[in-house]
Structure formats: structure tokens, C-alpha cells
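Read through the structure below, which is laid out as C-alpha cells, and then see the notes.
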Amino acid sequence: MKPINSVVCMKPVPDQRFWDKVSLDKKTKTLRRAGIPIALGPLDKNALEEALRIREARGGKVTAISMGPPGTEEILEWAIVLGADEAVLLSDPAFAGADTLATAYALAWGIKKLGGADIVFLGNESLDGSTGQVGPQVAEFLNMPHVTHVSRIELVDDDTLRARFHIEYGFIDVEVKKPVVLAVEKGINEPRCPTLWGTVWLRERKISRWSADEIGVDKTKIGLSGSPTQVSDVTTIELKRKGEILKGEPSDVARQLVQKLRAENVLPKG
Amino acid sequence: MKEHKGVWVFAEQRGGKLSDVGLELLGIGRKIADKQQEGLAAVLMGHKVKPLVDELGEYGADRVYLADNPLLEVYRSDAYGRLMQEMIQQYKPNILIMGATSIGADLAPRVAAKVNTGLSAHCVGFDVDDKGQFVGQVPGFGGAVMASVICPNHYPQMATARPGFFEKLERQKGRKTEAVNVDVKFKEEDLSIKVVGTFREEVKTRPLESADVVVAGGYGVGGKENWKLVEELAEVLGGGVGATRPPCDEGWADLEGQMIGQSGKTVRPSLYIGVGISGAMHHLVGIKDTKVVVAINKDPNAPIFQAADYGIVGDLCQIIPRLVEAMRVSF
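Each protein sequence line maps, in turn, to chains A and B.
My numbering applies: residue 1 is where the first sequence begins, and numbers increase by one.
My numbering applies: residue 1001 is where the second sequence begins, and numbers increase by one.
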């Protein structure tokens, strides 16, 4: 059985517990994220877990890759603590402002510089943008087939694996030859927890940082200038309503509510 | 003269039945096409799907690009992606929208990368701005912010749209459409993905998205026993039962069919009653277009009270039975 080399794409996202602190700069139409800690998307942990399990079963290597400003290495440290063999952060001001297409392009070139992969794993979507677009687009730039919403993987033989594409109210089982890009969903596994050994491991492994020049990308295809989509306006959503609190004993408030709802004409006709 | 013309909608079908989202997109697509003074086309791929052409016409498509081939029987990203790329290169549409279903959200980004264009994800609104530019409304950060996304210099301008956000046009029986047959030039051996099995669960209940009354429960409901009260309230109102994520994780509710919010379903009933729901942004954005929102929660500081029209602070075990009683009397 041939060993399998996996690359896991991970995304630094603003910590969800601080999302209500994200504010809008009305003048520049950009989001102020300063002071909001970076976290690892939950599905990235499932993607990494799947890669680690495959290495345990078949041997090979697991490499984590991410794109982000300096300082976002910490999400790659997580990957190393859990057992990734190496990690690389694509970091360059030229990558900033990338939409999914420009992001996928840069990641694909990073993966090429790593020497490619038998399987590229991603979480099916990120926590913040949740577009789910980067996986299929990385696959296109690497000229590999892709499967998203993967809820089960089975290795068939040296070249082939079977993946379950989970769709609404069902699934499609496919067989696909490596190399392949797989975007996994939550139910696929239970991610492991860090161990003391992992932190020792971290000291011995280095996280590389590569610039745009180092991965040899076409600079017109990365960052803001390489992004076909543009944000022309950003607004916050107003969800405030009347907020009228009904007071009294339970049977009393129940009666009041029914009256109000009848007046609003939203109760089904009997 | 602009080279790229026409609004295209991907008419997703499964097992020879059109998905609702494709028909909904024909509704909004019709409006955009009229504003742009361009035609509206549906793209239909599958095997033995020719009978669906008329239905697409009756829901607003002026033209249907039909690719009918055994290789397309079940969706796979390489076959559908390749064919869509060939069609785009041949017919040069201006705008292409697809449903953000698992299949649409899998296909659209691949196609966008193939033809080197931008893609706005999971839009909840579409418009054409003063410059005649196609604009997609994209929610972010769990729905807290809404971005208007444009794609000014690449074609087609692509977007996926959340199911349930747009209304189908009224079906015009007998409305004519032009069918354009599209040849499939590749063979099975050119494809790297092989379908080895499918499973499809028949959905019998009315989907939550189209329910007129929705009663939803959160973690505050407290347990499977109390969940029955939520269901009872929904039943007396003839409504659907929704949930936030924790009850789905706990197994009281079904994740796929019942979760409401940014990563779940979007509902737009006349009446929504949230029980034991604190009111996280991700959930509230999924009920944004409800006419009247009622919140029942024992925590007076729960944020949902701000986002509700009527609030009741109290224990659901006390409130719901009284409410059921009062409603029964009322009908």
C-alpha cells in the first residue's frame, strides 16, 4: 500500500464569540476587526482529523497550509500540536483583500510548491464567510477532481477512494482517483484533542512563511487586484422589533397574546 | 455592443423532478432579465429530463438549454462543471445564478474558476444598480452584516442564492419556450468521478420554508420531554416546528429539516413563536422576514426580546399549556 500525502487547508477566522464586536466603518465600507482574536474554523479540525487518520492507517505525511497576515501562524501551531508534520503560512501584503478565487489560486500555488498532494482536505465552509467556494476552486487550479460535503471516506485501493457527498435528504457515493480535493463536513469524525506530546512536537517543527514571490504566482491573480468580485456596499442588519413584554399570570398573558395575534391577523382561521 | 447577454438560471433536478430553488430563481431572474432587457434561460442537465422543459417555460424561461445524456443522470462535479464551462464559452451569458443547495454550491465555484469569473455566495437578494450592474446581497458574520457584491469586469457574473428567498412566478400553463439541445462531447472515460450509489429520502412533510406559522425551540426548552410542548403548540396552530442548533445537536430536533438560521433554513411565516431561544444573530437572520415574532423565555435579558414584537417572560411549562388552551378557545 502506497503512503498518502495530505495537505490540509486551514483558515484563520475571527473568533465567533466576538462577532458582535465587529463593527462597520461607514466611510470606508470595511469591517473593523481590530482586537478580535483569531480562531480556527471548526470544520478545519475535522479536515485535519481526517488527514491524520489516513496517515495513521496508511503512512505518509500531513502538511497544513494557510493564507493570512503574520500572526495567524497560531492556527497552524494547532495543526502541529495535533500531529501535522509541517505547516506553511502564505503571507504577503500582496495576498490581502482576496476573494475566494484569488484565495484558491494562491493556496493552489502553495500546494504546488509543496510538491502537490494525494488528497487536499478542507472544511466544507469557513465560519465567517461560509461560502464553501475555496475547495472546488483550489481543485480547479490544481486540475484535480473535487467532492464537497464529504461525510465519509473509504480507501478502495492505492489509487482510488470512495467518498460520500452528502446532499439534502440523501447522498451520492462516488469513486474518485487520487489526487483529489475533499471538503469535509462536521459529521465525518470527532476531532482529537491536543496532548502534552503535541506541544513538545511543536518545539521541534517549524512553520514556514512563504511570500507571493516564493510560490511563484502570477501577481495579477492574487489579492484585491486578482479578485473579480468587489464589495460595493456593506450595511448592518436591523433586527429590532416592537419588543412589547406582556405581563401577568400565565393564563392572562396567554389570553393577551391570542388577542394581539388575532388583531394582527396572523392566527390561522379555525 | 456587449458580447455577453442573457440571464441564465441553473435548473437543478433530482431524479427527474425540478428543485424548487431553480423555479424561484426563474422568478427573480425574470425581473433582472426584464430590467436588463435581455432574455431569461434555464440550463437543464440530466437524463430523460426533456419533459421538464415545458415546466421551465411555464415558470418564466424564454429558452431552455437542454443537455440530456446518460452521463448526466446523477450529479457529479466534473461532468456538470465541464459541460457548463463549454456552454458558457459557446453562448456567453451575462449572468448565471444557481441555487445554493449542496449541488449548486458544489458546481458554481468550480465553474467560476474554470471561466475565470467572480461568484457571490448564498445571496439573499439581487438587483441591478444604476450602472446596469448586477448586484448580489451577501450576508456575512452569521448575518450581522450584509454586503453588496458586484463583479464588474468578468463574465458571466455569477451568484448562488439561498433556497426559499425568492418567489416563483405564477405558473402560466401553456407558455412557450424554445429548447436548445446541447451535445455532450465527453465520454465516461474522460471523467474522473464515478457514481457508485445514491440514497434519497422521500420528504413527506411540508417544508418549514413554506409554513405559515413556525414554532421554534432553543436550548432553553431543556429536554426532550419539554420539546413535546413546542410540538403541541405548533400542532394547534397548524404550523411547522423549527429549532436552533443546540436542540439539533441534542437530538430533540432534526438538523437538516428543522434548523433555522444562517447555516440552516430561512423561514418567512406570518407568525413565528420562539421558545427558549436566546436570540443569536445566526438564528434571528433566518426569521427576519416574519410578519409577527413572539418570544417566550424565562430570561428577561435574552436578546430575542428586542427582536420580537411580543415577549413573554416565564417558564414554558406554565405558558405553553395556557397558550394552547387560549388558542383552542379562540378558533
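The beta-carbon is built from N, C-alpha and C at its ideal position, and this holds for glycine as well.
Inter-residue Cα distance where the pair is residue i and residue j
i                             : j                           : result
phenylalanine 1305 of chain B : cysteine 1317 of chain B    : 19 Å
proline 194 of chain A        : phenylalanine 18 of chain A : 24 Å
glutamate 175 of chain A      : lysine 2 of chain A         : 18 Å
lysine 974 of chain B         : glycine 1132 of chain B     : Outside the shown range of chain B, which is 1001 to 1331, sits residue 974 of chain B, and nothing can be said about it.
glutamine 1085 of chain B     : arginine 55 of chain A      : 36 Å
glycine 60 of chain A         : leucine 89 of chain A       : 21 Å
lysine 1114 of chain B        : leucine 1237 of chain B     : 49 Å
valine 258 of chain A         : arginine 1328 of chain B    : 10 Å
glycine 83 of chain A         : threonine 199 of chain A    : 10 Å
aspartate 1129 of chain B     : valine 1135 of chain B      : 7 Å
tyrosine 105 of chain A       : glutamate 1058 of chain B   : 41 Å
arginine 262 of chain A       : alanine 1216 of chain B     : 20 Å
glycine 1222 of chain B       : lysine 269 of chain A       : 31 Å
alanine 1100 of chain B       : glutamate 238 of chain A    : 24 Å
histidine 149 of chain A      : valine 266 of chain A       : 38 Å
glycine 1118 of chain B       : tryptophan 210 of chain A   : 26 Å
aspartate 1183 of chain B     : isoleucine 1088 of chain B  : 13 Å
glutamate 1170 of chain B     : aspartate 1034 of chain B   : 16 Å
aspartate 1068 of chain B     : glycine 1046 of chain B     : 5 Å
lysine 219 of chain A         : tryptophan 109 of chain A   : 12 Å
leucine 1083 of chain B       : threonine 229 of chain A    : 24 Å
glycine 1060 of chain B       : glutamate 1201 of chain B   : 29 Å
8 Å contact criterion, which residue i and residue j should meet: CB distance rounded
i                       : j                        : result
glycine 1140 of chain B : aspartate 25 of chain A  : Going by Cβ atoms, the distance from glycine 1140 of chain B to aspartate 25 of chain A rounds to 15 Å, so no, they are not a contact pair.
lysine 235 of chain A   : valine 1145 of chain B   : Strictly speaking, residue 235 of chain A in this sequence is threonine, with lysine absent from that position. Confirmed, Cβ separation roughly 7 Å.
proline 12 of chain A   : arginine 33 of chain A   : Their Cβ separation, rounded to whole angstroms, is 11 Å, which puts proline 12 of chain A and arginine 33 of chain A out of contact at 8 Å.
valine 1049 of chain B  : glycine 1016 of chain B  : 6 Å
serine 1263 of chain B  : serine 130 of chain A    : 7 Å
serine 6 of chain A     : arginine 1322 of chain B : The Cβ separation is near 57 Å, so there is no contact.
Beta-carbon neighbours of residue i, restricted to chain A and to distances below 7 Å
i                         : result
proline 1109 of chain B   : Thr100, Gln133, Pro136 and Gln137
histidine 1154 of chain B : Pro228
Within chain B, the residues that residue i reaches when beta carbons sit closer than 7 Å
i                        : result
arginine 255 of chain A  : Ala1326
glutamate 175 of chain A : Lys1194 and Val1196
lysine 260 of chain A    : Tyr1310
valine 7 of chain A      : Near valine 7 of chain A there are no residues of chain B at all, since even the closest Cβ is about 18 Å away, more than 7 Å.
Proximity of residue i and residue j at Cβ, strictly below 8 Å
i                             : j                          : result
isoleucine 172 of chain A     : glycine 1311 of chain B    : no
glutamate 86 of chain A       : arginine 192 of chain A    : no
valine 231 of chain A         : alanine 1147 of chain B    : yes
phenylalanine 1199 of chain B : methionine 1098 of chain B : no
leucine 114 of chain A        : threonine 63 of chain A    : yes
proline 1269 of chain B       : aspartate 1212 of chain B  : yes
glycine 97 of chain A         : glycine 223 of chain A     : yes
threonine 1244 of chain B     : glycine 1257 of chain B    : no
glutamate 1012 of chain B     : glycine 1022 of chain B    : yes
isoleucine 1273 of chain B    : valine 1294 of chain B     : yes
valine 156 of chain A         : arginine 162 of chain A    : yes
isoleucine 1095 of chain B    : glutamine 1037 of chain B  : no
isoleucine 1367 of chain B    : serine 1077 of chain B     : Outside the displayed span of chain B (1001 to 1331) sits residue 1367 of chain B, for which this structure offers no information.
valine 997 of chain B         : leucine 1040 of chain B    : Residue 997 of chain B cannot be examined here, being either before or after the span of chain B that is shown, 1001 to 1331.
leucine 1056 of chain B       : valine 1064 of chain B     : yes
Selected residue, minimal CA-CA separation from residue i, among the options
i                         : options                                       : result
valine 1138 of chain B    : B:Ala1161, B:Ile1097 and B:Gly1257            : B:Ala1161
glutamate 190 of chain A  : A:Asp92, A:Pro42 and A:Tyr169                 : A:Pro42
histidine 1154 of chain B : A:Arg262, A:Asn124, A:Gly226 and A:Ile153     : A:Gly226
threonine 160 of chain A  : B:Ser1019, B:Leu1083, B:Val1196 and B:Lys1168 : B:Val1196
aspartate 213 of chain A  : A:Ser23, A:Ser66, A:Ala94 and A:Glu140        : A:Ala94
aspartate 92 of chain A   : A:Val217, A:Gly248 and A:Phe165               : A:Val217
serine 1210 of chain B    : B:Glu1024, B:Tyr1219 and B:Lys1002            : B:Glu1024
glycine 1164 of chain B   : B:Glu1202, B:Lys1185 and B:Gly1125            : B:Gly1125
valine 1180 of chain B    : B:His1004, B:Glu1055, B:His1047 and B:Asp1062 : B:Asp1062
threonine 183 of chain A  : B:Ser1278, B:Leu1018 and B:Ala1105            : In the sequence as displayed, the identity of residue 183 of chain A is alanine instead of threonine. For alanine 183 of chain A, the nearest C-alpha among the options comes from B:Ala1105.
asparagine 124 of chain A : A:Gly116, A:Lys112, A:Val138 and A:Asp118     : A:Val138
aspartate 118 of chain A  : A:Leu101, A:Glu264, A:Gly132 and A:Pro145     : A:Pro145
Residues that residue i contacts on chain B, provided the C-beta gap is smaller than 9 Å
i                        : result
aspartate 85 of chain A  : Neighbours of aspartate 85 of chain A on chain B: none; closest Cβ ~27 Å, over 9 Å.
alanine 104 of chain A   : Pro1109 and Ala1113
threonine 236 of chain A : Ala1144, Val1145 and Met1146
Within chain A, the residues that residue i reaches when beta carbons sit closer than 8 Å
i                             : result
cysteine 1151 of chain B      : Pro228, Thr229 and Gln230
phenylalanine 1305 of chain B : Gly243 and Ile245
arginine 1200 of chain B      : Tyr169 and Gly170
Interface residues of chain B facing residue i [CB-CB closer than 8 Å]
i                            : result
arginine 209 of chain A      : Per Cβ cutoff of 8 Å: no residues; arginine 209 of chain A is ~26 Å from chain B at best.
phenylalanine 141 of chain A : Ala1113
glutamate 19 of chain A      : One detail in the question is off: residue 19 of chain A reads as tryptophan in this sequence, not glutamate. Correct list: Phe1141, Gly1142, Ala1144 and Met1281.
arginine 162 of chain A      : Val1196
proline 145 of chain A       : Ser1077, Asp1078, Ser1192 and Ile1193
aspartate 233 of chain A     : Ala1147 and Ser1148
Contact list for residue i against chain A, beta-carbon separation under 9 Å
i                        : result
tyrosine 1075 of chain B : Phe165, Ile167 and Ile172
serine 1278 of chain B   : Here the premise fails: no neighbours, minimum Cβ distance about 13 Å.
The ligand NAP heavy atom lying under 7 Å from the CB of residue i
i                      : result
proline 250 of chain A : You won't find the ligand NAP in this model; it holds no ligand whatsoever.
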